[in-house]
Structure formats: C-alpha cells, structure tokens
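Single-structure report; data block below.
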Amino acid sequence: MKKAGLIGVGLLGSALAYRFSRDGIEVNGFDRNQHALDGLSGTTGLACGSAAEVLRNCDQVVLSLPDSDVVSSLIQQHLGDLREGQIVLDTTTGDPHQAVSIGQSLAEVGVHYLEATVAGSSEQVRAGNVALFLGGDTETVTQAEPLLKSITPRRFHLGPVGNGSRFKLVHNLVLGLHRAVLAEGLVFAEDLGFSSEETLRILRETPAVSGVMDTKGKRMVDRDYEAQARVSQHLKDVRLILSSAARLGSKVPLSKMHESLLEQAEQLGFGEADNSAVIEAYRNSTLRDDR
8 MKKAGLIGVG LLGSALAYRF SRDGIEVNGF DRNQHALDGL SGTTGLACGS AAEVLRNCDQ
68 VVLSLPDSDV VSSLIQQHLG DLREGQIVLD TTTGDPHQAV SIGQSLAEVG VHYLEATVAG
128 SSEQVRAGNV ALFLGGDTET VTQAEPLLKS ITPRRFHLGP VGNGSRFKLV HNLVLGLHRA
188 VLAEGLVFAE DLGFSSEETL RILRETPAVS GVMDTKGKRM VDRDYEAQAR VSQHLKDVRL
248 ILSSAARLGS KVPLSKMHES LLEQAEQLGF GEADNSAVIE AYRNSTLRDD R
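All the letters of the sequence shown, read from the start, carry residue numbers 8 to 298 under the numbering used here.
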C-alpha cells in the first residue's frame, strides 16, 4: 500500500492520517474545513481540492465523517467518480441501517464497502491503542489489511456490512456510561467533602477501577476539555443507540438518562468540548443550584 485516500480530516481523520504516513502510506485527503486541510498538507500528506479528486486518485479511500447522512450524501454525489474494484473504508459511527444501504449502493457500481468503526479517541488512534469493528465481506477485509494494520493490531471482523456499526453502538453505550458514572462519582465525592483528585487516586486502587479513569479521570479533575472526542458527537451516538433500541424493543433506561446529561452539557456550552465535560452536567445541575 503506497497511497490511500482520506475524506474527513477532523480529530479522527487527522489521527488516521498520522498513522498512515507513519507507515509510509501517502495520504491524499480532503476536508471542507480549510484549517484541517492545511494541517494535512503540512505534515502528513497531500491536500486535494475535492472529494472527487481523492476518489479518482486512490484505490482505497477512508471516510471519517460526522454521521451516516453525510456519508450517504457523499456517496450519492460521487457515484460517477467511483470505479469498479475500489474499496471504501468507513470509520464513521453511524446508523447500521444506513450502512447497509450505503453498501448496497456501492456494490451496484462494483465498489467494495467495509465498515471500520473505531473504538477509542483520536489520541488513542495516534498511539495505535484502539480497536476496529469490521463489517463487510472477508475478501474486502483481506484486501484492506495494510490500511487496517496501520491503524491498530486489534481488529474484530463481526460479519457483513451493518454489524460493524451495530457493535460500535454496543461499545459506545458501555464506554459512555462508564464516563457518566465516573463523573457522577467524582461530584458525589466532592459533595461529601473529598477532593476529586484524591478520589480518583484511591478509586484506581480499588475494584471500581476502569480504563475510563486513565483516559478521562484527570481531565475531569482538571477541567481540561480540549477535544479528543466531542460531547455533541457522543450525544449523536446515544441517540442512535436509543433509536436502535426502540426498533428492537430493548430496554436502555440508563442511556435515556445519559442522553439528558449530554443535552445539559451541550446547553451549558460544552458541545464542542471533550466528552469528559459530561461532568459539568453534574456540577451545574439545577438540583445542585437549588440546594
């Protein structure tokens, strides 16, 4: 693999570009945000003038976009720029039903679609400390191996298109609730008279420990919300979880409460902040203000 396309050079996309360039893969990228595109051309690859140029230049193209609607729109707009035998790897956390529809649209023009949803933040992607949930046929997974290997050694092929997105919702449900629980526990400790820093230090030495304490604990304590993965993005994911659960009749009451917490954090102005800022929904809640 000498060259790869990348459409979407935000937090996740720029981290993917870093991984590819680190392994000697030239990145041909495009993003509507000129600042993001400037960062790509300055350090990790070639900035292209359009998504069409990326699709024409590369046999394998990675998508790192906000949601399935954006992916679907992009594909429909550029069906004429795609060619038989190309592979589109989609890292977007999106709607499983739309993923299946996107895969079908691409298959009609001979393009292979592979979900490669990412379990981890942009910083973890840079470090190679993430997992990929793959949805697609085995042959496409094999052909995409160089790019997948460049991202992380931890990859789980879960079956056909749609399953990558489905399992990503499972992962994000559990991970997001871990963050919310840690936030609630730290604020409860503060109300009981313990410092959040001391609380975090002690909890790490107990059976209550979780990986979230390492990735988000200090950020919560220090109120350091420089974005690695945004509150608004996770709110979108929780709404996808709730929508999928409603279709299936699954009970997800904690996720419903989590949606409310994220909405509060967004209303407080933390939508573009790191998702560790969910703790501010506790620190600034109406119940605390009226106490």
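Glycine is no exception: its CB is placed at the ideal position from the N, C-alpha and C atoms.
Strand pairing of residue i, partner residues [DSSP]
| i | result |
| --- | --- |
| V68 | G12, V95 |
| L53 | N35 |
| T124 | F140 |
| F163 | F140 |
| H119 | I94 |
| D281 | R237 |
For residue j and residue i, the rounded distance between their alpha carbons
| i | j | result |
| --- | --- | --- |
| V61 | L249 | 35 Å |
| S80 | I14 | 13 Å |
| A58 | S129 | 22 Å |
| S262 | L184 | 7 Å |
| D296 | L189 | With a pLDDT of only 47 at D296, under the threshold of 50, the placement of this residue in the model should not be trusted, and no figure is reported. |
| E205 | D198 | 13 Å |
| A126 | L141 | 11 Å |
| G101 | V168 | 12 Å |
| R298 | G276 | Confidence in R298 is poor, its pLDDT being 42 and thus under 50, which makes the residue's placement too unreliable to answer from. |
| I94 | D231 | 38 Å |
| D221 | L89 | 42 Å |
| V181 | G87 | 40 Å |
| V34 | V148 | 20 Å |
| K225 | I286 | 12 Å |
| S283 | N40 | 25 Å |
| H85 | A280 | 32 Å |
| L207 | Y289 | 17 Å |
| S172 | A234 | 23 Å |
| Q150 | L47 | 25 Å |
| L294 | E212 | Confidence in L294 is poor, its pLDDT being 45 and thus under 50, which makes the residue's placement unreliable; the coordinate value appears in the next sentence. Each residue's Cα considered, the two are about 31 Å apart. |
| L44 | G20 | 10 Å |
| K258 | S251 | 11 Å |
| P214 | P73 | 36 Å |
| L155 | I209 | 38 Å |
| Q274 | R186 | 19 Å |
| G36 | S203 | 42 Å |
| R161 | V245 | 24 Å |
| I109 | T98 | 13 Å |
| Y120 | V132 | 21 Å |
| L70 | G218 | 28 Å |
Limits of the unbroken alpha helix (DSSP H) element including residue i
| i | result |
| --- | --- |
| H265 | 260-272 |
| P103 | 103-114 |
| V132 | 129-134 |
| N275 | Rather than Asn, the amino acid found at residue 275 in this sequence is Leu. Where L275 is concerned, there is no enclosing alpha helix (DSSP H), given that its DSSP letter is neither H nor E. |
| G20 | 18-29 |
| S157 | 152-158 |
| R290 | 286-290 |
| L81 | 75-84 |
Interface flag, residue i vs chain C, CB-CB below 8 Å
| i | result |
| --- | --- |
| E266 | Reference to chain C is not applicable here, since this structure consists of a single protein chain. |
- Residue ranges of each alpha helix (DSSP H) within the stretch 185-224, 4 or longer: Entirely contained in the stretch 185-224, the alpha helix (DSSP H) runs reaching 4 residues are, in chain order, 203-210.
- Message: Check whether the stretch 255-271 and the stretch 154-169 touch, using three or more Cβ-Cβ pairs below 8 Å as the test.
- Response: Fewer than three Cβ pairs drawn from the stretch 255-271 and the stretch 154-169 lie within less than 8 Å of each other, which leaves the two stretches out of contact.
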